[in-house]
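Undergrad: The following block contains the structure, expressed as structure tokens.
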């Protein structure tokens, strides 16, 4: 019985979208809704849902056809359900049948396609909106139920405030600090959205939601352009690049202070292992960095720290063309199969050492002062 009611509940959840169904389906769902209400009513009153007017109780002490007392059954729901099942045996519905019924409901043609997208005159540019930034102006954005609207700015987003968090959802986009996704959860509602960008600008928007019946195209991509922001972002990027070496790949990013970079390392390798020489090796106050071009090296080498004359595994991560060992050490060994390269930090002393990098080879010379 519970499984049948569960299936009935699946159908009734479509009542929210009743406007999209044909008249016959609408009438069927309305009838199902009335049946569910009648079943719940009769279960609470003790009346049989299969034999209207006949009660499941003959008197206050017992059920029909058994000796289970009323007090026992109603105090313990297990007994109540057991007695009900004995009086009215039901055919068990399998999980596969439930799944098939759910799929059938999903595959039902709701006729909820917005015809604007299928119009012969539709070019594909109608859903993109480009807005020049104007200080203190509230911009209107038309969203659509079951679709997402993406907002993009010239500067990174610092924070935002959404007026109605139950009617709209705002999501940050991985790898894009200058974009947000907006999705309406209801039809025919509105709210406001205020966005603060890192160039100290404030953007205010009025959001409202439509559905497939709307004659207007939804704004699916909204670009906020600002020449002043582009200049500010460019200046900030140049300043950052002067202060930091930025290693980035996908969402992974690490900034190395240029003032902390120590590249006083030399490499030693046999002639047949020269292909394994790193293009660059340096360290900062925390990590050690080994540069290998991924396009030239299909296999990533393994890095070991030499401690007490033994190769010791260390934690490493790969970002872009860099293998980053999460420690510092004066000696290292780079392995790839049976090939290896020895790496040693050049000690600071009274002589000045300069390192010259040749193709596939590192040579160290000592210059007397």
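In this note's numbering, the protein residues as written are 1 to 369. Cβ atoms here follow ideal geometry from the backbone N, Cα and C, with glycine treated the same way. Here the structure is a predicted model, which is why all the values come from computation and not from measurement.
#1: From the DSSP secondary-structure annotation, give me the bridge partner or partners of residue 332.
#2: With H, G and I counted as helix, E and B as strand and the rest as coil, what does DSSP make of residue 273?
#3: Return the first residue and the last residue of the beta strand (DSSP E) that residue 311 is part of.
#4: Excluding the five sequence neighbours on either side, which residues of its own chain have a C-beta within less than 6 Å of the C-beta of residue 263, listed in chain order?
#5: What is the rounded straight-line gap between the Cα of residue 330 and the Cα of residue 344?
#6: Name the residue from 138, 259, 125 and 324 whose alpha carbon lies nearest to the alpha carbon of residue 247.
#7: First and last residue of the beta strand (DSSP E) that includes residue 142?
#8: Can you determine whether any heavy atom of the ligand GDP sits closer than 8 Å to the C-beta of residue 321, and answer yes or no?
#9: Would residue 252 be called buried (16 or more neighbouring beta carbons within 10 Å of its own) or exposed?
#10: Tell me whether residue 210 is buried or exposed, calling it buried when 16 or more other Cβ atoms sit within 10 Å of its Cβ.
#11: Less than 9 Å between the C-beta atoms of residue 176 and residue 170, yes or no?
#12: What are the residues that DSSP puts in a beta bridge with residue 180?
#13: So for residue 236, helix, strand or coil by DSSP?
#14: Counting Cβ pairs, one atom from each stretch, are 3 or more of them under 8 Å apart for the stretch 200 to 220 and the stretch 138 to 150?
#15: Is residue 94 helix, strand or coil by DSSP?
#16: For residue 114, count neighbouring Cβ atoms within 10 angstroms of its own Cβ and tell me buried if that reaches 16, exposed if not.
#17: Since residue 278 and residue 257 should fall inside the 8 Å C-beta cutoff, what is the C-beta to C-beta distance between them, to a whole number of angstroms?
#18: Is residue 267 helix, strand or coil when you go by DSSP?
#19: Whole angstroms are fine: how far does the CA of residue 231 sit from the CA of residue 287?
#20: Measure the Cβ-Cβ separation of residue 302 and residue 222 and say whether it is below 9 Å.
#21: Given this structure, state the Cα-to-Cα distance separating residue 237 from residue 254, to the nearest angstrom.
#22: Would you decide whether residue 201 is buried or exposed? Buried here means 16 or more other CB atoms lie within 10 Å of its CB.
#23: Using alpha carbons as the reference points, say which of 326, 102 and 268 lies closest to residue 346.
#24: In terms of alpha-carbon separation, which member of 289, 326, 334 and 296 lies closest to residue 311?
#25: Cα-Cα, which of 306, 297 and 126 is closest to residue 322?
#26: Decide if residue 197 is buried, meaning its Cβ has at least 16 other Cβ atoms within 10 Å, or exposed.
#27: In the DSSP assignment, what residue or residues form a beta bridge with residue 262?
#28: Measure the alpha-carbon distance for residue 227 versus residue 181 and round it to whole angstroms.
#29: With DSSP run on the structure shown, which of helix, strand or coil describes residue 226?
#30: Who are residue 197's beta bridge partners in DSSP?
#31: Buried or exposed: residue 157, going by 16 or more other Cβ atoms within 10 Å of its Cβ?
#32: Can you give the Cα-Cα distance for residue 19 and residue 165, rounded to whole angstroms?
#33: Please state whether DSSP places residue 75 in a helix, a strand or coil.
#34: Short check: CB of residue 305 to CB of residue 332, under 9 Å?
#35: Closest to residue 309 by CA distance: which of 186, 342 and 336 is it?
TA: Short version:
#1: Locating residue 332 in the chain shown gives position 332, where the first residue counts as 1. BP columns for residue 332 point to 305 and 343.
#2: Along the chain shown, read from residue 1 onward, the residue named residue 273 stands at position 273. DSSP places residue 273 in helix when its eight states are reduced to three.
#3: Position 311 of the chain shown, counting from 1, holds the residue named residue 311. Residues 310 to 313.
#4: Residue 263 sits at position 263 when you count from the first residue of the chain shown. Contacts found: 282.
#5: On the chain shown, residue 330 is found 330 positions in, with the first residue counted as 1. On the chain shown, residue 344 is found 344 positions in, with the first residue counted as 1. Taking the straight line from one Cα to the other gives about 6 Å.
#6: Here residue 247 is taken as the residue at index 247 of the chain shown, counted from 1. Ranking 138, 259, 125 and 324 by Cα distance to residue 247 puts 324 first.
#7: Sequence index remark: in the chain shown, residue 142 carries index 142 (1-based). That run of the beta strand (DSSP E) goes 138 to 144.
#8: The ligand GDP is not part of this structure, which contains no ligands at all.
#9: Within the chain shown, residue 252 is the residue found at index 252, counting from 1. Exposed, since its Cβ has fewer than 16 Cβ neighbours within 10 Å.
#10: Here residue 210 refers to the residue found at position 210 when the chain shown is read from its first residue. It is buried - the Cβ of residue 210 has at least 16 other Cβ atoms within 10 Å.
#11: Numbered from its first residue, the chain shown carries residue 176 at position 176. Numbered from its first residue, the chain shown carries residue 170 at position 170. In this structure, residue 170 does not lie closer than 9 Å to residue 176 by Cβ.
#12: As a working mapping, residue 180 is identified with position 180 in the chain shown. According to DSSP, which records beta bridges pairwise, residue 180 is partnered with 151 and 172.
#13: For the purposes of this step, residue 236 is identified with residue 236 of the chain shown, where counting begins at 1. It is helical.
#14: yes
#15: By 1-based counting over the chain shown, the position of residue 94 is 94. Correct three-state label for residue 94: coil.
#16: Counting from one through the chain shown, the residue named residue 114 turns up at place 114. That one is buried.
#17: Residue mapping note: residue 278 aligns to position 278 of the chain shown, counting from 1. Residue mapping note: residue 257 aligns to position 257 of the chain shown, counting from 1. At roughly 21 Å, the Cβ-Cβ gap does not stay under 8 Å, so residue 278 and residue 257 are not in contact.
#18: Taking the chain shown and counting its residues from 1, one reaches residue 267 at position 267. It is a strand residue.
#19: For this step, residue 287 is matched to residue 287 along the chain shown. For this step, residue 231 is matched to residue 231 along the chain shown. Going from the Cα of residue 287 to the Cα of residue 231 covers about 34 Å.
#20: Here the question's residue 302 lines up with position 302 in the chain shown. Here the question's residue 222 lines up with position 222 in the chain shown. No; because the gap between Cβ atoms is not below 9 Å, this pair is not in contact.
#21: In the chain shown, residue 237 corresponds to position 237, counting from 1. In the chain shown, residue 254 corresponds to position 254, counting from 1. If I take the Cα positions, the gap works out to 15 Å.
#22: If you number the chain shown from 1, residue 201 lands on position 201. Counting Cβ neighbours within 10 Å, residue 201 comes out buried, since at least 16 surround it.
#23: Here residue 346 refers to the residue found at position 346 when the chain shown is read from its first residue. Considering only alpha carbons, the answer is 268.
#24: Residue mapping note: residue 311 aligns to position 311 of the chain shown, counting from 1. Checking every option, the nearest Cα to that of residue 311 belongs to 334.
#25: As a working mapping, residue 322 is identified with position 322 in the chain shown. The option with the nearest alpha carbon to residue 322 is 297.
#26: The residue given as residue 197 occupies position 197 in the chain shown. Burial call: buried.
#27: If you number the chain shown from 1, residue 262 lands on position 262. BP columns for residue 262 point to 283.
#28: Here residue 227 is taken as the residue at index 227 of the chain shown, counted from 1. Here residue 181 is taken as the residue at index 181 of the chain shown, counted from 1. In a straight line, the C-alpha of residue 227 is about 23 Å away from that of residue 181.
#29: Reading the chain shown from its first residue, position 226 is the one you call residue 226. Looking at residue 226 - three-state DSSP - the assignment turns out to be coil, as it is neither helix nor strand.
#30: As a first step, residue 197 is located in the chain shown; it is residue number 197 there, counting from the start. DSSP output for residue 197 lists 157 as bridge partner(s).
#31: By one-based count along the chain shown, residue 157 stands at place 157. Answer is buried; the Cβ neighbour count reaches 16.
#32: Here residue 19 refers to the residue found at position 19 of the chain shown. Here residue 165 refers to the residue found at position 165 of the chain shown. Its pLDDT being 45, under 50, residue 19 is placed unreliably in this model, and the coordinates cannot settle the point.
#33: As a working mapping, residue 75 is identified with position 75 in the chain shown. Bear in mind that the predicted position of residue 75 carries a pLDDT of just 47, short of 50, making it too unreliable to give a figure here.
#34: The residue given as residue 305 occupies position 305 in the chain shown. The residue given as residue 332 occupies position 332 in the chain shown. A contact, by the Cβ cut-off of 9 Å.
#35: The residue given as residue 309 occupies position 309 in the chain shown. When each option's Cα is compared against that of residue 309, the closest is 342.
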